[in-house]
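A short write-up of the structure that comes next.
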Amino acid sequence: MDASLDLLLNAVISGLLLGGFYAAVSIGVAISFGMLDIVNIAHPGFILLGSYVAYFANTVLGMDPILAAVIALPAFYALGALVYQIYYIAFERRQDQSLGGLSFFFGLLFITEVGLVLIFGVDYRLVQARYIGPSLNLGWVELPLRLFVPFLVSMVMVVGLQLFLSRSFLGRAIEAVAQDQLALRLMAANPTRIKRVAFGLSFATAAIAGAILIIIQPVEPSIGREYIGRVFAICVLGGLGSFSGMVIAAVTLGVVESLTATFFGPSWAPAVSFGVLLVTLAVRPSGILGR
Amino acid sequence: MTPLLQISGLGKRFGGFTALQAIDLDVQEGERLGLIGPNGSGKSTLVNCICGTLRHDLGSVRFGGKPLDGLAAHQRTRGGLARSFQLPRPFGTLSLAENLRIPILYAVNARGEGGLAGPAIDARCRDLLAEVGLADKAHRLPRDLTQIEMRKLELARAMAAQPKLLFADEVMAGLSHAEIDEIIALLFRLNGQGVTVIMIEHIMRAVMQFSQRLAVLVAGRKIADGKPADVVRDAEVVRAYLGE
Amino acid sequence: MGSVPFALALVCVAAALFAVGRWLNISYAFFAAYVVVQYIVLGTAWNILGGYTGYVNFGITAFFALGAYSSVVLYKLVPSLPLPIMMVVGGIVAGLVGLGTGYLTLRLRGVFFSIATLALAVVVQTLITNWDFVGGARGAYVLRPRVAPLIGGDYIQYLFLLMLGLCVIALTTARAIEHSALGYGFAAIRDDEGAAEASGVPTLRLKLIATVLSGGFMGMAGAPLPYYVTYLDPSSGFSLNYAVNAIAMPLIGGTSSWLGPVVGAVLVGGLQEYIRVTISSAVNVLVAGVLLVVFVVLAPEGIVGLFRRRRR
Ligand SMILES: Nc1ncnc2c1ncn2[C@@H]1O[C@H](COP(=O)(O)OP(=O)(O)OP(=O)(O)O)[C@@H](O)[C@H]1O
Ligand SMILES: [Mg+2]
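Protein chains in written order, with this note's numbering: chain E, 1 to 291; chain V, 292 to 535; chain A, 536 to 847.
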């Protein structure tokens with residue numbers, strides 16, 4: 001087979017896998033920003049917190065990073081509920097979401113990053129697991145397990161959350177909050193409580209996303225920032241609040257970035273998301289699936 | 292004479308819901324028009340489409356003979372349209388006097404002729420607040436006002452833009468009998484100075500007393516338009532208001 | 536007080552500060568004071584957009600670094616170019632980038648502008664990192680002259696004087712805006728954009744003016760940076776510290792007036808310098824972030840706002 005075609009094919013495959021992982025990174029923001037209208041720009045910072053939890057459990061306790069993330073889920077959920085409570089009291093209730101709320105999350109992003117630097121330093125850290133290294137060889141394509149396992153975990157999480165939102169009572173209440181708060185209040189449900197649950201969930205996804213991030217690549221505290229543009233590009237491109245649109249957007253961005261990295265060099269990849277974001281905002285702010 | 296405001300075939304949808312459908316309406320310069328209709332019939336939406344707060348989907352709006360389509364809201368305000376918001380939207384960090392300063396600086400002064408400066412602006416703000424009975428609160432913030440006072444502020448802010456055509460969207464809701472009479476007198480005075488007024492109101496006493504002509508919206512359609520006394524006797528209007 | 540007397544008063548304060556510095560003649564004092572004054576400019580620039588119109592710019596590092604790297608480019612092309620001209624060029628470049636970003640995103644809800652500026656910081660960094668002419672990821676060296684032109688003495692004195700001058704211009708501009716029609720228009724946008732439009736305010740144009748002014752001042756503040764650090768690489772030029780400080784200082788000081796960023800910069804900048812010397816430089820960067828969160832949650836009007844409320 002032609003060498004450049006081979007290169008292209010492998011770039012597309014790894015882009016698809018990467019995109020699947022981006023879905024896990026973005027789903028928290030799809031919930032907080034897309035459904036609750038809370039612009040949690042600190043989410044990538046919390047994902048890094050998840051990475052370091054996995055790192056700590058892996059190096060100190062020898063635990064599998066994904067298992068560590070699952071164990072950490074309740075703690076992340078609780079932290080998210082706490083952050084929402086502060087946000088609610090300080091901003092949502094005072095109707096000051098934009099200036100104060102945005103700055104609040106920006107401050108949290110910075111504190112998380114510097115906190116991680118103070119504890120773990122600025123060196124790159126990585127984890128050990130059996131599936132890091134080997135590849136599945138399917139004839140002319142290679143599926144590195146290091147990308148494939150995160151892809152699977154991410155898809156399980158996205159599908160699980162989608163089922164939860166569409167099937168369970170609480171999930172439907174969350175969707176209702178996203179649509180119309182007043183109607184919900186008339187139904188005698190408490191929107192604040194439901195938003196707290198939803199935000200806790202969005203926060204909990206950061207534990208899983210963080211663990212699979214550190215499986216895919218070594219991390220240092222400031223790489224969270226790279227993900228801000230990416231995550232919001234994905235959510236905006238996907239149309240806010242729509243999981244299926246978000247997954248399509250994540251995979252698209254993954255493929256475009258992977259092609260960019262293959263043909264122009266990896267140092268250009270971060271610019272892709274910004275381009276996508278700007279073009280989407282300028283041309284089609286309602287996203288690819290939007291009306 | 293060409294009408295001051297010409298609306299033809301105007302349509303507006305929100306998603307799958309049709310809020311306004313094929314509205315035709317002409318308003319002559321100097322006229323006093325009452326616009327009535329049940330809750331949710333599209334009156335405020337019509338104001339929003341004419342003033343540029345919302346974009347309409349179909350039809351056209353002409354003001355003073357010129358098409359408004361594609362003009363931003365601020366250009367329409369500068370062109371002589373002004374409206375009060377039914378749900379008051381004051382500038383929360385500015386005092387009442389400063390709230391009125393905004394349209395003076397940006398609508399009146401932007402027209403070029405007869406702009407105001409310095410002390411003249413302050414005096415004008417005071418006068419306007421006095422007209423709606425808020426003179427003693429000129430230096431308060433909007434959050435110190437009651438909902439009813441905020442409506443008066445809305446009206447004063449619309450008047451501050453010195454419009455040719457003023458939309459008063461339910462500025463009298465909740466007012467006492469005497470206050471309603473004051474506002475009606477105020478709108479009559481404005482009209483006497485040549486301002487065309489479209490009054491949107493559920494208080495029939497005010498509408499009947501004020502309007503020379505009455506238009507009725509029901510479920511996004513105009514079902515009647517004519518002399519107030521005739522319109523309120525119209526079988527369709529009665530049915531729309533009282534049910535079958 | 537009119538704008539001219541205000542500017543003169545500021546010039547007097549600045550001259551007095553500079554004279555004290557000359558008399559003390561401690562190089563360290565100039566280096567430390569330069570940083571504080573630079574943050575007054577950055578905070579004021581941020582506040583023109585963020586505090587006055589309510590649009591949050593997170594891309595401070597992009598604008599700041601654009602100014603800094605404009606100087607690097609000019610330094611490589613025309614090494615003899617006077618620094619004030621470099622500052623003007625840096626301001627124009629950053630202002631134009633602000634105009635472009637604003638034009639694309641300012642029609643949308645404010646959060647989209649904020650997100651776009653966050654992404655802008657990453658993309659400008661990517662561009663610079665890939666641009667070999669300015670040193671790419673390796674960074675660039677700039678030779679700092681030993682002696683200051685015009686005034687004599689150490690070159691840092693010249694840098695400090697320029698930054699002080701820029702600070703006077705920025706503060707005068709900010710205060711002039713507050714008392715002008717522009718300031719009322721900005722406030723109307725911050726409070727309710729739809730109502731502002733209905734009152735005749737051309738909101739898009741005003742937001743673009745604010746973005747250009749804000750970005751331009753950030754660029755100008757960044758222009759002398761290569762001479763201050765003498766070695767500039769992307770990771771230091773785009774350090775998140777600049778962004779956090781530039782946002783934290785106005786919010787801590789108070790966003791409603793020009794005085795807020797000054798109070799914030801002097802307090803936080805001074806505190807940071809104190810912690811850097813006495814405790815550690817890692818803790819010192821945490822200070823701004825923690826104070827930022829504490830203030831936006833507990834005292835959203837900032838220090839100036841707290842004093843005003845007490846006086847009422
Ligand atoms: N921005 C919007 N998005 C979706 N639907 C809207 C929007 N604005 C208005 N509507 C709907 O359009 C319809 C007409 O609303 P509108 O406010 O124009 O009615 P109205 O005649 O002014 O009623 P009222 O007398 O209660 O003020 C209503 O059903 C309303 O729910
Ligand atoms: Mg209405």
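Quick reminder that beta carbons are idealized off the backbone N, C-alpha and C, glycines included.
Cβ neighbours of residue 500(V) in the same chain (closer than 7 Å, five flanking residues each side left out): 475
Short CB-CB distance (under 8 Å) between residue 592(A) and chain E: no
Contact list for residue 771(A) against chain E, beta-carbon separation under 8 Å: Going along chain E, no residue has its Cβ under 8 Å from residue 771(A), so there is no contact; the nearest lies around 12 Å.
Chain A residues whose Cβ lies nearer than 9 Å to that of residue 74(E): Correct list: empty, because the minimum Cβ distance to chain A is about 24 Å.
Rounded C-alpha distance that separates residue 237(E) from residue 249(E): Computed Cα separation, rounded: 6 Å.
For residue 358(V), the residue or residues it bridges with in DSSP: 353(V)
For residue 352(V) and residue 359(V), believed in contact at Cβ under 8 Å, the rounded distance: 5 Å
Cβ-based neighbour list, residue 768(A), same chain, cut-off 8 Å, excluding 5 preceding and 5 following: These residues qualify, in order along the chain: 670, 672, 673, 674 and 675.
Residue 464(V) (DSSP reduced to helix, strand or coil): coil
Neighbouring residues, chain A, relative to residue 226(E) (Cβ below 9 Å): 657
Residue-level contact to chain V via CB, residue 636(A), 8 Å cutoff: no
Residue 728(A): CB within 7 Å of a non-hydrogen atom of ligand 1: no
Rounded straight-line distance, which links the Cα of residue 167(E) to that of residue 506(V): A direct Cα-Cα distance of roughly 48 Å separates residue 506(V) from residue 167(E).
Partner residues on chain A for residue 86(E), Cβ-Cβ distance less than 7 Å: 832
Heavy atoms of ligand 2 versus C-beta positions, residues under 7 Å: 334(V), 335(V), 377(V), 460(V), 461(V) and 491(V)
Three or more C-beta pairs below 8 Å linking the stretch 695 to 704 of chain A and the stretch 359 to 374 of chain V: no
Chain E residues whose Cβ lies nearer than 7 Å to that of residue 651(A): In chain order: 277, 278 and 281.
Span separating the alpha-carbon of residue 267(V) from that of residue 305(V): Since the displayed chain V opens at 292 and closes at 535, residue 267(V) lies outside it and no answer follows.
Assigned secondary structure, residue 65(E) (DSSP; H/G/I helix, E/B strand, else coil): helix
Within-8 Å CB hit, residue 739(A) to chain E: no
Continuous beta strand (DSSP E) stretch holding residue 794(A): start and end: Where residue 794(A) is concerned, there is no enclosing beta strand (DSSP E), although the alpha helix (DSSP H) it sits in stretches over 794 to 813.
Beta-ladder partner(s) of residue 487(V), from DSSP: 456(V)
Distance cut-off 7 Å: residue 305(V) Cβ against heavy atoms of ligand 1: yes
Coarse secondary structure for residue 127(E), derived from DSSP in three states: coil
Min CB distance residue 875(A) to chain V below 8 Å: With chain A represented from 536 up to 847, any question about residue 875(A) goes unanswered, as that position is not in the structure.
Proximity winner among 6(E), 17(E), 197(E) and 124(E), relative to residue 143(E) (alpha-carbon distances): 17(E)
Residue 513(V) - partner residues in DSSP beta bridges: According to DSSP, which records beta bridges pairwise, residue 513(V) is partnered with 508(V).
Where the stretch 712 to 725 of chain A meets chain V: residues whose CB sits under 8 Å from a CB there: 716, 719, 720, 722, 723 and 725
Separation of residue 704(A) from residue 547(A), as counted between CA atoms: 13 Å
Those residues which DSSP pairs with residue 135(E) across a bridge: 144(E)
Classification of residue 51(E) by the beta-carbon crowding that lies within 10 angstroms, buried from 16 upward: buried
Contact test: residue 78(E) Cβ vs ligand 1 heavy atom, cutoff 7 Å: Residue 78(E) Cβ: outside cutoff for every heavy atom of ligand 1.
Backbone secondary structure at residue 20(E) - three-state DSSP: helix
At least three beta-carbon pairs within less than 8 Å, the stretch 588 to 602 of chain A to the stretch 717 to 731 of chain A: yes
Length of the line joining the Cα atoms of residue 709(A) and residue 59(E): When rounded, the separation of the alpha-carbon atoms in residue 709(A) and residue 59(E) is 53 Å.
Pair within 8 Å by beta-carbon distance, residue 331(E) and residue 269(E): Because chain E in this structure spans residues 1 to 291, residue 331(E) falls outside the shown range and cannot be described.
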